[in-house]
Structures are given as C-alpha cells and as structure tokens.
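Below: one structure, written as structure tokens.
2 protein chains.
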Amino acid sequence: MDNHYFQSDPQLNSALKKVNQLINQRIKVNNQDLQVALKKMASKGGKYLRPAFCLTFAQFGSNNNWKSPQLIKIASSLEILHMATLIHDDVIDDSPERRGEESIQAAFGKDTAVYSGDLLFTVFFDLLVETMENSPYLATNAQAMRKILAGELGQMNQRYRQQSLLEYYRNINGKTATLFSLAAQEGAYFGGADSRTVHLAKHIGQNIGITFQILDDILDYKTDGGLNKPILEDLSTGVYSLPLLLVLKDYQEELMPYLAKKRTMTYKDTLKVQELVNRYGGVAKAHELAGKFTNKALQLIDELPINGTQKLLKRVTTQLLDRSM
Amino acid sequence: MDNHYFQSDPQLNSALKKVNQLINQRIKVNNQDLQVALKKMASKGGKYLRPAFCLTFAQFGSNNNWKSPQLIKIASSLEILHMATLIHDDVIDDSPERRGEESIQAAFGKDTAVYSGDLLFTVFFDLLVETMENSPYLATNAQAMRKILAGELGQMNQRYRQQSLLEYYRNINGKTATLFSLAAQEGAYFGGADSRTVHLAKHIGQNIGITFQILDDILDYKTDGGLNKPILEDLSTGVYSLPLLLVLKDYQEELMPYLAKKRTMTYKDTLKVQELVNRYGGVAKAHELAGKFTNKALQLIDELPINGTQKLLKRVTTQLLDRSM
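Going down the list, the sequences are from chains P and U. No gaps in the numbering here: position 89 of the first sequence is 89 in the working numbering, and each next residue is one more. No gaps in the numbering here: position 132 of the second sequence is 132 in the working numbering, and each next residue is one more.
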C-alpha cells in the first residue's frame, strides 16, 4: 500500500498496514468478483487519511497507541464509512472511475454497488459495536453518518442552482469535514487525551476537512486534471462549487448563458465556464479561503500539548493540503 | 393508516399509530419532495407487520407494554430498516412501483433513492443507540442487517442460475426471515419475557418469515397478480424462486429452452414458464412447504406461556400467512 504522506513515520505506516489488514478481513462477501473489487478498492490508491489522522491524534493521549487493537478498529471504521459513501457516490454520479480503477458500479452494475455500500455500512456498524458500546461516541458516529448523508442530499438538492456560500459550507461541512473531525476527535478521545485536547482535535479536524474539500473543488477547475478525477466533473453534474460560487454573483451575465443550459451544457460549455472562473479570480479566491482554514487548523494545532506528535501532525496536515500544488 | 390485520385489537392499533408518528418525526430530510415521498411510503400501504410482531411478543413479558416508549422505538427501528432495504431493492430492480405508489427511485431517480435508503440506515442506528446501548441486541441488530444484505447479495449472485434449495433457503432466511425473527425476539426480550420465551420467539419469527417469503414467491406465479407487484417480476430479473426450483430438476428439458435465454427472455416466455411451473406442480409443492413452516410456527406458538396474547398472535399469524389466498 503506497501511502507516501507518512513514509517518514514507520510507526504510523505500520499501524496503517494493520488497518488495511483488518479492513480486508471484514469486507468478506459471498460474491467472488465483488470481493476482489472491494479488496482492490480497499488497498490501492486510498491514502487512508482519516485513519492516519485518527491514529496520529491518539498519540496525544497517555498511552503508546500505535498498536492498540481498539484504535486500529476505530481507525478502520472511519475508512470503511468513507468507502461506503464513495461507492454510493459513484452510483449517483455514474462515475466510471474511482481511485484509478473502474468504479464498482461501472464494473458490476448499480445493483452490486448499492448493496456493497450497504454491506460496508454494516461492517462500520459492527466495528462501532465492538469498540464504543459504553461511550458517547456510538451516538456521535450515528450522528456523523447522518451529517454526511445530509450533506450529500443537500448538495443534490442544490444542483444547477446558485446556492449561497452558507449552503455550500453547510454541505461540505457535512459531507467531508464531519469525517475528518470525527477521526481526529475519536483518535484523541480513545487515545486517552484530556478533554481540552479532544475538543481541539474536533475543530482541527473540521478545519482540515473543509480545506480538503475546497482544494478538491478547486481541482475541478484546474486545467491539468490529476488525482484520478476527470476535470469539470462537478460542473457537468450541476454541482456549483466554491470557485464558481465566488464569482457567480459579480459575473452573472457572462456565466449564466452557459449555466442556464443546465443538463444540456456541452463539454465545450464547461471548458468555457472553467476558463471564465479562472479568469475572474474564482480559483485564486478559493485558494485564499482554503488558506484561511489551513491557517486556522495550524493555529489550533499550536495549542495542542507539545510533543513529538505535534510535528508529525503539522507535517501531515501541510502535505495533505498541498496535495494540489 | 389502514392496518386491517389488527383492527380487532385496539391496543395494538394504538401502539402502531405511535410507531407511525415516531417514524414520521425521524425521517426528516432537507429536501421537500423527498420528504413528502418518504412520508407517503411510511404511512400508506405498509402493514407494519414487523413492528406488530415485535409489540405483540412484548406482551409475553412481565409488563403492560403497549405504551412503552422504548418498545415503540424498537418496533419503529424494525420498520425503518425494512423501508431502507425496500428503497434500495427498488434501485436494483428498477421497480416503478412500491406499495401502490411510484417508487422513490422512479419518481426521483436512483440518486435520491440510494441516499434516502442510506438516511434511513442512519435513523435505524440512531434508534438502536437510544434503546439498546447496554444490551447484546446492538450486536444482534448489526448482525441482522448484515444477514439481510448477505441474503440479497446471495440472491443477486444466483441470478439466472439454477440454485439449490439450500441456497434458496439461505438467501430468504437472510433477506426476509431475519427481520421477522429479530422483531419477535426483541419484542419478547425488551418486553421482559423469560429467556425460554425469547428463544421461542426467535424461532417462531424465523418460521413465519420463511413462510412469508415463500408465499410472496408463490404470488409471482399466480395469474391474478395482486399485492401491488407485477407478476413474474422475480422471473424476469433472473430470480429463480421456490415454485420454479421445485420442478426445475425434473423438467429441465421443458423449462431450460426458456430459462437459457436469460436476459433475452420475452414476456411471453415468462408467461410460458409460469404456465409450466403451475402445470408441473411447482406452485402446489411450494404451498405445501409453506404449510409445513406455518405449522411449525403454530406448534411453537403453542409452547408459549398461555395468556390472551397467544390468541392474538395466532390470529395475526394465520391472517398474515393467508394473505395470498
């Protein structure tokens, strides 16, 4: 498993390998083709960012936590939930690709993709029951799952509409930031950190998550593609993300002729919109905003207890958020 | 809400109304059309069989349980899980109809249907967390959800294949009987029944569930349709159910010419298969088997503690399993 963000930390790498092993054990299905596909998806390309954050934050606790079976399970649960939502997202978007491979829905049909996602939800649930039964985090996880879905549904609701920045933030907060926030918070909590640290972790995770999504949205307007996603994917499915939203108000006249076509927008139209969004500074402004959230995260990280882990965390965060540059 | 199975029991009816109210409160989504659709699905046509079994079995416990908020929540969780799987099933089957209404996926697209099902899963989790945190039933529910999905995946795996009777039973045990078994078992347990009764409940529910599914499969071969399902739906999607499986071995030559066409089977072909299955006694044999499971259920019911509830339960069971006649 190639996870170059953390190559320099052998303990984290070793823990992530355990996460990978556990996930592979748990995603057993009575369907051979599907099992091969799920295993491929689990091990290739996914950077295990959420488990990594979870495990890293655990180091702010009182124990040496890299090997804790409970933490490995909790970290795995985050990745499992993430995989489940990805698989279902692909059904929605009709995505042919995910993580450089044919998506499960393209290879096996929507049928199998829907049920595979559902299966992963049960695995997620199993892991929660095994690790969090007598803690408030069972409810927190249930709530997180709901927020993620509400974020996705909210985004769907706003397709081909000029949503407000508030609605945009609300949706990305749900669909992306929630999981990073949960990862950090859970890691700190179950690692034995004090409540101030757990609280900080929650907000650090949230800020990182928001930045992560904004950078992902910016990628959609970059001319060099990358990261295994076809460019302009959001735009072509009616998802008006930050770079566009930031210039839409001031440049209604120039942009609306294309956007008003909605589903009949051609690829050429999307390229034109991409050009305009860049020209009008939408990408630059979005980068600026992403920078603000990054700085907020880094400030909060500075408030964490000082130990070797803080350096690792800063390094991880900076690398993750520079991914597009 | 029309639930004519239990019209004669005002306390059960009253409890089911509370279940309906709770479900309506919980299925809130930030999408108005969808909310209307979910509410419609929740209140119209669904007979609330699973909640009814749950609440009825609770009466074998030591308390007067018709009004217990905890039991209302548990009963609701069963119906919510059932709804979630129905919505996802419809995405798979491309069903235009469910419960006499346009299915969610036909009305709003696969997108919304996938996410709505996911949303209901989160509501299901929420209810479990609220009611079962310190009991073994959290794990039991997680396990039940997995069995249901494994049953569906198993059935998908066997499409257009001559599955064995064992595989058939395994799949219907997972996808249908599990939930009835869980409903009965949970009802008894949280109603405060003794462990012998809980154990009996589990097996009564399972037998009823198997019968229920067999009768549903038989309906597919009946010439009068009914129950809001287009006839021959299973066959046309490659699901070879009991009536067909029971005659397939002995009448390979006559049946395979049609079945071998698989996805290219015409409606006329399915009508022919239906005719042959009836002629060769597949429907009659299936009825016979259903009768065996029904009798088993009734025998076990006779072993329950004697009280007024036993009569209600027998009446409910007999009515439910006569639904096709």
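Where is the CB? At the ideal position from N, CA and C, for every residue including glycine.
Identify which residue in the options has its Cα closest to the Cα of residue i.
i: PHE190 (chain P); options: P:SER241, P:ASN31, P:LEU22, P:THR56; result: P:THR56
i: ASN13 (chain U); options: U:ALA37, U:TYR48, U:ALA201, U:GLN185; result: U:TYR48
i: ASP89 (chain P); options: P:GLY291, P:ASP234, P:PRO69; result: P:ASP234
i: THR294 (chain P); options: P:VAL277, P:LEU321, P:ASP194, P:VAL316; result: P:LEU321
i: HIS82 (chain U); options: U:LEU71, U:PHE180, U:GLY282; result: U:PHE180
i: ALA52 (chain U); options: U:LYS40, U:ALA15, U:LEU298; result: U:ALA15
i: GLN274 (chain U); options: U:GLU167, U:LYS222, U:LYS296, U:THR318; result: U:LYS222
i: ALA188 (chain U); options: U:GLN35, U:ASN30, U:TRP66; result: U:TRP66
i: GLN25 (chain P); options: P:GLU102, P:LEU120, P:GLN105; result: P:LEU120
i: ALA107 (chain P); options: P:LYS40, P:SER236, P:LEU78; result: P:LYS40
i: THR318 (chain P); options: P:GLY308, P:ALA297, P:THR309; result: P:ALA297
i: GLN155 (chain P); options: P:TYR258, P:SER241, P:MET256; result: P:SER241
i: VAL114 (chain U); options: U:MET132, U:ASP126, U:ALA290, U:LEU34; result: U:LEU34
i: LEU138 (chain U); options: U:LEU182, U:TYR160, U:GLN163; result: U:LEU182
i: ILE208 (chain U); options: U:ARG50, U:SER135, U:ALA37; result: U:ARG50
i: LYS268 (chain P); options: P:SER135, P:ALA284, P:SER236, P:LYS202; result: P:SER236
i: GLN32 (chain U); options: U:ILE74, U:MET256, U:THR176, U:THR112; result: U:THR112
i: ASN307 (chain U); options: U:ALA58, U:PRO10, U:ILE27; result: U:ALA58
i: THR140 (chain P); options: P:ILE74, P:ILE27, P:LEU232, P:LYS311; result: P:ILE74
i: ALA184 (chain U); options: U:VAL316, U:MET256, U:CYS54; result: U:CYS54
Beta-carbon separation of residue i and residue j under 7 angstroms?
i: LEU128 (chain P); j: SER76 (chain P); result: no
i: LEU200 (chain U); j: LEU313 (chain U); result: no
i: PHE60 (chain P); j: PRO243 (chain P); result: no
i: ILE104 (chain P); j: ILE87 (chain P); result: yes
i: GLU253 (chain U); j: LEU276 (chain U); result: no
i: ILE148 (chain U); j: THR197 (chain U); result: no
i: VAL283 (chain P); j: ILE210 (chain P); result: no
i: ASP126 (chain U); j: ALA142 (chain P); result: yes
i: TYR251 (chain U); j: LYS272 (chain U); result: no
Hey, residue i and residue j are a contact pair by Cβ (cut 8 angstroms); roughly how many whole angstroms apart?
i: ASN170 (chain U); j: THR122 (chain P); result: Note that residue 170 (chain U) is Arg in the sequence shown, not Asn. Not really, about 17 angstroms apart at Cβ, beyond 8 angstroms.
i: SER62 (chain P); j: GLY192 (chain P); result: 4 angstroms
i: PHE124 (chain P); j: ILE80 (chain P); result: 5 angstroms
i: GLY151 (chain U); j: GLY174 (chain U); result: 2 angstroms
i: ALA290 (chain P); j: LEU246 (chain P); result: With a Cβ gap of about 11 angstroms, ALA290 (chain P) and LEU246 (chain P) do not count as contacting.
i: GLY238 (chain P); j: ARG159 (chain P); result: 4 angstroms
i: GLU133 (chain U); j: GLU102 (chain P); result: In fact, because the Cβ distance is near 41 angstroms, the residues do not count as touching under 8 angstroms.
i: HIS131 (chain P); j: GLN213 (chain P); result: According to the sequence displayed, residue 131 (chain P) carries Thr and not His. Incorrect: roughly 27 angstroms between the Cβ atoms, too far for contact.
i: VAL20 (chain P); j: ALA42 (chain P); result: It should be pointed out that residue 20 (chain P) corresponds to Asn in this sequence rather than to Val. Going by Cβ atoms, the distance from ASN20 (chain P) to ALA42 (chain P) rounds to 7 angstroms, so yes, they are a contact pair.
i: LEU153 (chain U); j: VAL29 (chain P); result: 6 angstroms
For residue i, count neighbouring Cβ atoms within 10 angstroms of its own Cβ and tell me buried if that reaches 16, exposed if not.
i: ASP302 (chain P); result: exposed
i: ALA260 (chain U); result: exposed
i: ASN228 (chain P); result: At ASN228 (chain P), the pLDDT of 49 sits below 50, so the modelled position is not reliable; the number obtained from the coordinates is stated separately. Exposed, because fewer than 16 other Cβ atoms sit within 10 Å of the Cβ of ASN228 (chain P).
i: LYS110 (chain P); result: buried
i: LYS262 (chain P); result: exposed
i: MET325 (chain U); result: With a pLDDT of 40 at MET325 (chain U), under the threshold of 50, the modelled position of that residue is not reliable, and the figure given next carries that caveat. Under this definition MET325 (chain U) is an exposed residue.
i: SER195 (chain P); result: exposed
i: PRO230 (chain U); result: Only weak support is given to the placement of PRO230 (chain U): the predicted model assigns it a pLDDT of 49, under 50, and the question is left unresolved by the model.
i: LEU215 (chain P); result: buried
i: THR309 (chain U); result: buried
i: THR266 (chain U); result: exposed
i: ASP279 (chain P); result: Note that residue 279 (chain P) corresponds to Arg in the displayed sequence, not to Asp. Its Cβ having fewer than 16 others within 10 Å, ARG279 (chain P) is exposed.
i: GLU186 (chain P); result: buried
i: ALA84 (chain U); result: buried
i: THR270 (chain P); result: buried
i: LEU78 (chain P); result: buried
i: LYS202 (chain P); result: buried
i: SER164 (chain U); result: exposed
i: LYS18 (chain U); result: buried
i: LEU166 (chain U); result: exposed
i: THR176 (chain U); result: buried
Taking 6 angstroms as the cut-off, is the CB of residue i close to at least one heavy atom of the ligand MN?
i: GLY109 (chain P); result: As presented, the structure is devoid of all ligands, the ligand MN included, so that no description of it is given.
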